[in-house]
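**Student:** For our numbering, count along the sequence shown from 1 and bump the result up by 337.
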Amino acid sequence: MQINDKSEIQSYLASPKRYDNMTYNRSGKSGVLLPALSLGLWHNFGFIDNIQNARNVLRCAFDLGITHFDLANNYGPPYGSAEENFGTIFKNDFKNYRDELFIATKAGYDMWPGPYGNYGSRKYLMSSLDQSLKRMNLDYVDIFYHHRPDPDTPLEETMGALADIVRQGKALYVGISNYQPAETQRAAQLLREYNVPFILHQARYSMLDRWVENGLLETLENNGIGCIAFSPLAQGMLTNKYLNGIPKDSRAAKNLTYLDTETVNNNIEKIKKLSEIAEGRDQKLSQMAIAWILRQKQVASVLIGASSTNQLKENVKALNNLEFNEDELKLIAQIIS
338 MQINDKSEIQ
348 SYLASPKRYD
358 NMTYNRSGKS
368 GVLLPALSLG
378 LWHNFGFIDN
388 IQNARNVLRC
398 AFDLGITHFD
408 LANNYGPPYG
418 SAEENFGTIF
428 KNDFKNYRDE
438 LFIATKAGYD
448 MWPGPYGNYG
458 SRKYLMSSLD
468 QSLKRMNLDY
478 VDIFYHHRPD
488 PDTPLEETMG
498 ALADIVRQGK
508 ALYVGISNYQ
518 PAETQRAAQL
528 LREYNVPFIL
538 HQARYSMLDR
548 WVENGLLETL
558 ENNGIGCIAF
568 SPLAQGMLTN
578 KYLNGIPKDS
588 RAAKNLTYLD
598 TETVNNNIEK
608 IKKLSEIAEG
618 RDQKLSQMAI
628 AWILRQKQVA
638 SVLIGASSTN
648 QLKENVKALN
658 NLEFNEDELK
668 LIAQIIS
């Protein structure tokens, strides 16, 4: 796909001040420093979306010091299209900055028909990464994740495939996503035996979804593994969007898989109370929600999406106030408990 340059957007030259204001955190006990906010390409980067807008968002992110871009094989829609669009933009804008970027992709959910296009077999993971690298115009990714546990494939096979992917030079590091604490512990043991750098667990985490606090964060701490949190705004609930009702064009109004009207209505009183605390901190609710996650020492980065450069800039402002006093934390705990 060709980018339509009739928009008069000029060739990209990254801001020389891109590292001046971003916070970087170590991922576990690895040598990798991640930006406190990373950009996820789950939404807004597929073929159904405007590629020029996607290009603007990626440029803006890098200019703000966001060096980590997170993808997966089935991001789009359609599947694969986010990687393909990213590959087009990378070739045009970011090829000269490759060594300043930390690029991730994943495999684990359904990707193509038949028995070899899903879950965690060696065949699926290796085939998927080969396809991803072609779509993204890359020789390697910085980290490759198994996207979810496979109840039927032996963990030794899945982790062994990740280890061989590193040995083949197709990924520098490996990670997992959506694994429970016991599964994470076993994966860490196997990857230590394989002498492969396992540095990140990508987990859903927000004020309204705190499952990682029930053992996962402790497991990561004990194994020297970092956490990168996705859905920090609970699919938009932890923003100002729903404070005055459910907009007709919102995700909740459409009753999509990840968010529906019932879920919003069940949480609206909590959301309003949290918004009042955010106002007292001179923050938007979304900014406070991001800062609240970053207070956890195991969290190396928070993964945010962005449909526009303005939305991205607003979320990055969360870094202007990361400190919470004891009264704020107690009050937040009472609201979300």
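All C-beta atoms in this analysis are idealised placements derived from N, C-alpha and C, irrespective of residue type, glycine included.
#1: Mind checking Gly451: buried by the 16 CB within 10 Å criterion, or exposed?
#2: Does the beta-carbon of Pro569 have 16 or more other beta-carbons within 10 angstroms, so that it is buried, or is it exposed?
#3: So, Phe399 versus Ala441, is the Cβ gap smaller than 7 Å?
#4: Indicate whether Leu640 and Phe567 have their beta-carbon atoms separated by less than 7 Å.
#5: Short of 7 Å in beta carbon distance, which residues of its chain neighbour Tyr366, apart from the five on each side in sequence? Order them along the chain.
#6: On a Cα-Cα basis, can you pick out the residue from Tyr510, Gly506 and Leu537 that is closest to Thr521?
#7: Assign Gln505 to one of two classes, buried (16 or more other C-beta atoms within 10 Å of its C-beta) or exposed (fewer than that).
#8: Measure the alpha-carbon distance for Gln468 versus Asp357 and round it to whole angstroms.
#9: Would DSSP call Thr442 helix, strand or coil?
#10: Touch check for the region 367 to 376 and the region 404 to 412: three-plus C-beta pairs under 8 Å?
#11: Can the beta-carbon of Ile565 be found less than 7 Å from the beta-carbon of Ser638?
#12: Note the first and the last residue of the continuous alpha helix (DSSP H) segment covering Ala615.
#13: Pro415: buried (16+ other C-beta within 10 angstroms of its C-beta) or exposed?
#14: My guess is that Asp528 and Ala498 are in contact by the Cβ rule of under 8 Å, so how many angstroms apart are they, rounded?
**Tutor:** Answer, in terms of the structure:
#1: Counting C-beta atoms within 10 angstroms of its own C-beta, Gly451 has fewer than 16 neighbours from the protein chains shown and is therefore classed as exposed.
#2: For Pro569, the number of other beta carbons within 10 angstroms of its own is at least 16, and it is reported as buried.
#3: Judged by their CB atoms, Phe399 and Ala441 are not nearer to each other than the 7 Å cut-off.
#4: Cβ distance < 7 Å, so Leu640 and Phe567 count as in contact.
#5: A quick correction: the sequence has Lys, not Tyr, at residue 366. The residues are Gly561.
#6: Of the candidates Tyr510, Gly506 and Leu537, the one whose C-alpha sits nearest the C-alpha of Thr521 is Leu537.
#7: Exposed is the call here.
#8: Gln468 and Asp357 have their C-alpha atoms spaced approximately 36 Å apart.
#9: Three-state result, Thr442: strand.
#10: With a cut-off of 8 Å, the region 404 to 412 and the region 367 to 376 count as touching, because enough Cβ pairs lie within range.
#11: For Ile565 and Ser638, yes; Cβs fall inside 7 Å.
#12: DSSP places Ala615 inside the alpha helix (DSSP H), whose first and last residues are Thr598 to Gly617.
#13: Its Cβ having fewer than 16 others within 10 Å, Pro415 is exposed.
#14: It is worth fixing the name first, because residue 528 is Leu in this sequence and not Asp. About 11 Å; that fails the 8 Å criterion.
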